[in-house]
Amino acid sequence: MLTIEDVKKQLKDKYQNNIKNFESPYSTRLFVDVDKSRIRDVSNEIIKMGGRYLVSVGYDNIARDKTLGLIHNFSLDTDDIFVCLRTAAPVDNPEFDSITPDIPNAGWSEREYMDLLGMKFKGHPKPKKLILADDWPAGIYPLRKEVPWNLMPPAAENVAYQLDEAPEGCTTIPVGPFHPTLHEPAHFAVFVDGETIKGCD
Amino acid sequence: MVHRGLEKLCQTQVTYNEIPFIAERICGICGSVHATSYSQAVELAAGLKISRRAEFIRTIMLEIERVHSHLLWLGVAGHLIGFDTVFMQAWRVRESIMWFGEKLTGNRKTYGMIVAGGVRRDITPELKDELLGVLKTIEKELITIHKAIAGDGSIHRRTKGVGCITTEETKLWSLVGPVARARGVDIDTRRDHPYAAYDEMQFDVPVVDSCDVWGTVVVRILETFEAIKIIRQALDKMPGGPIMTEFSEDIKPLQHAIAAVEAPRGEVVHYLITGEENRPERWRVRAPTYPNLQGVPAMLLNDQFADLPIIIGSIDPCFSCTDRVVRVDVRSGTMTHLTNSDLEKISRAKKFAGR
């Protein structure tokens, strides 16, 4: 059973100056400010402690210090602790190391902030659009504070999502969208060989 | 993916206490979990401790939601594999709790009960008695359904060994909720990070290691019984007191808070950074389908196409309808359109089940 103090000590011993600050307003919540260069290592360290990846949060902090903030959140389930690793990158070069190669579930969160905040993730295995419409103009990042909430860029034609390459000898079957009024509509392109599914996008 | 821009809207247009109602509309089935999770994040950021009675009522609302959501899923799952008797019976049983929800809150779903600081309506002694009666009926009828499902060969053949992924893969992909618990991952936010009144509740977390769709059926049915157990305990132990706690001062800007709630589909996470104009600077919602849907490709691999609806359905992604399917034969370049009902026919008429 780890306590917040144990987690702090382990991180501090190993990463020293790359950990800038700890904050724990409650005995179950730990916020850690990590230097951007070590964010992938520290994330893996938390996983090694038994952490489970939850979600990443990206936010616009341009007005305060010209940075984009990124927070990777983890849960230590057996210890009742949430660990939030906070980092930031300057807005003119918002590049982070992707944690997706180690933690595949971070893939969507990172793609979301590529779309919404214009962040870049080095080493992301599939840096495709996730959220924005296929015809959304490049260079407008709707979650930045400068973009008004009701902005409606004009529609464009001749743009379409590029599917992943189907495996050799497979047939592609697009499925969807599921009902668009519900909160989890999704398109699948299913690659089948006969009736057996070989992959999907 | 459709993105509705809720986070942007709430960061620019509305105030703290309007957001619970928007949060509730994130999901049409399990709205209270989002309102609760958001409210808890605001309360943590503000350092507000709400009344114990409000926490008990929140617990009861969350569990009522779990009962109706799991029964809904059971019906949908039955429908997807062509077993409409399960669908009709599960939804018939579910109806009584929907009526109770309407009596208690004015709505069958999307209760509008939970706000930052507490809840909006109290549970009176009369309502308490009625709820106990409703639960008794549901429990009795669900036992019958459970037995029927457990003894039915065709359900076994359609769900066992379908949508398999290993426990290690499940952990690697950080899957949550019944999807993870059906694959031997013992996590449940209610027990691991207790919130509301769950610290006082005695309940089991059903975990099975069959690693397939059958496991999710078992986990969800057992969880429904646990939910009934929790509601009974909460009604029994509920203390008196106010249901709302006022915020005594303004919420300080730039406070970070994270709160998680176990929804019927898995764990919901809300991250909040407080802002200056009586609204959040940043509010991030993670619904359970967000991680779970990312694990679906692994579950689909090397399964039959006719099993696709039930595998996707097994994560309970509010799978309401498959509008259309286009079949493209890459070798000849021909395209065939399949409608929703065609796809359903393929799935429901699947022969040689059990391979």
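Keeping their order, the protein sequence lines are chains A and B. The numbers in my numbering rise by one with no breaks, and the one at position 109 of the first sequence is 109. The numbers in my numbering rise by one with no breaks, and the one at position 252 of the second sequence is 1252. Even for Gly, the Cβ is constructed at its ideal location relative to N, Cα and C. Note that the coordinates shown come from a computational prediction; the quantities given were computed from them, not determined experimentally.
In summary, the residues of the stretch 23-37 of chain A whose CB is separated from some CB of chain B by less than 9 Å are E23, P25, Y26, T28, R29 and F31, in the order they occur in the chain. At a cut-off of 8 Å, the C-beta of Q1013(B) has a neighbouring C-beta in chain A. The stretch 1101-1111 of chain B and the stretch 1175-1185 of chain B do not touch, with fewer than 3 CB-CB distances between them shorter than 8 Å. With contacts defined by Cβ atoms closer than 8 Å, A1234(B) and C1030(B) do not form a contacting pair. Taking CB atoms only, Q1233(B) has no neighbour in chain A less than 8 Å away.
Under the three-pair Cβ rule at 8 Å, the stretch 56-70 of chain A counts as touching the stretch 109-117 of chain A. Contact between A1045(B) and Q1255(B) holds: CB atoms are separated by about 4 Å, below the 8 Å threshold.
Closest in alpha carbon position to V1042(B), among P1020(B), I1312(B) and M1238(B), is P1020(B).
At a cut-off of 8 Å, the C-beta of W136(A) has no neighbouring C-beta in chain B.
Between D77(A) and I1187(B), the beta carbon gap of about 5 Å places them in contact (Cβ cut-off 8 Å). If you keep only unbroken alpha helix (DSSP H) runs of at least 4 residues inside the stretch 1209-1262 of chain B, you get 1213-1237. Going by C-alpha positions, K1049(B) is about 11 Å away from S1039(B). In the DSSP secondary-structure assignment, W1283(B) is bridged to L1272(B). At a cut-off of 8 Å, the C-beta of Q1040(B) has no neighbouring C-beta in chain A.
Check the Cα spacing between P101(A) and each of K126(A), R86(A), V91(A) and S37(A): the tightest is with K126(A).
I39(A) and A1148(B) have their C-alpha atoms some 51 Å from each other. Per the coordinates, the alpha-carbon of I1228(B) lies some 35 Å from the alpha-carbon of S109(A). Secondary structure note for E45(A): its alpha helix (DSSP H) is the uninterrupted segment I39 to K48. Restricting attention to beta strand (DSSP E) runs no shorter than 3 residues, the stretch 96-140 of chain A encloses them at 120-122, ordered along the chain.
For K20(A), the enclosing beta strand (DSSP E) covers residues I19 to Y26.
By the Cβ neighbour-count rule, S1314(B) is buried, with 16 or more other Cβ atoms within 10 Å of its own. Looking at the DSSP output, T171(A) shares a beta bridge with V192(A).
Interface with chain A (8 Å Cβ-Cβ cutoff): Q1294(B) is included. Shown here, I1315(B) sits in coil according to DSSP, grouped into three states, outside any helix or strand. Per the DSSP secondary-structure output, V57(A) pairs in a beta bridge with I71(A).
DSSP places T87(A) in the uninterrupted beta strand (DSSP E) bounded by I81 to P90. Bridge partners of V1115(B) according to DSSP: G1118(B). Spatial neighbours of G123(A) in its own chain (CB-CB distance under 8 Å, excluding positions within 5 residues in sequence) are listed in chain order as D97, S98, T100 and P101.
In this chain, the alpha helix (DSSP H) harbouring R1158(B) covers G1153 to T1159.
By the rule that beta-carbons nearer than 8 Å mark a contact, S1174(B) touches chain A.
The beta carbon of Y161(A) sits no closer than 8 Å to any beta carbon of chain B.
The criterion of a C-beta distance shorter than 8 Å is satisfied by R1053(B) and G1241(B). One thing to note: I1230(B) has its Cβ no nearer than 8 Å to the Cβ of E1055(B).
D1212(B) counts as buried, since at least 16 other C-beta atoms from the protein chains shown sit within 10 angstroms of its C-beta. For T1059(B), the closest C-alpha among the options F1087(B), N1017(B), L1009(B) and T1036(B) is that of T1036(B). Contact between the stretch 11-23 of chain A and the stretch 1242-1252 of chain B is absent: fewer than 3 CB-CB pairs across the two stretches fall below 8 Å.
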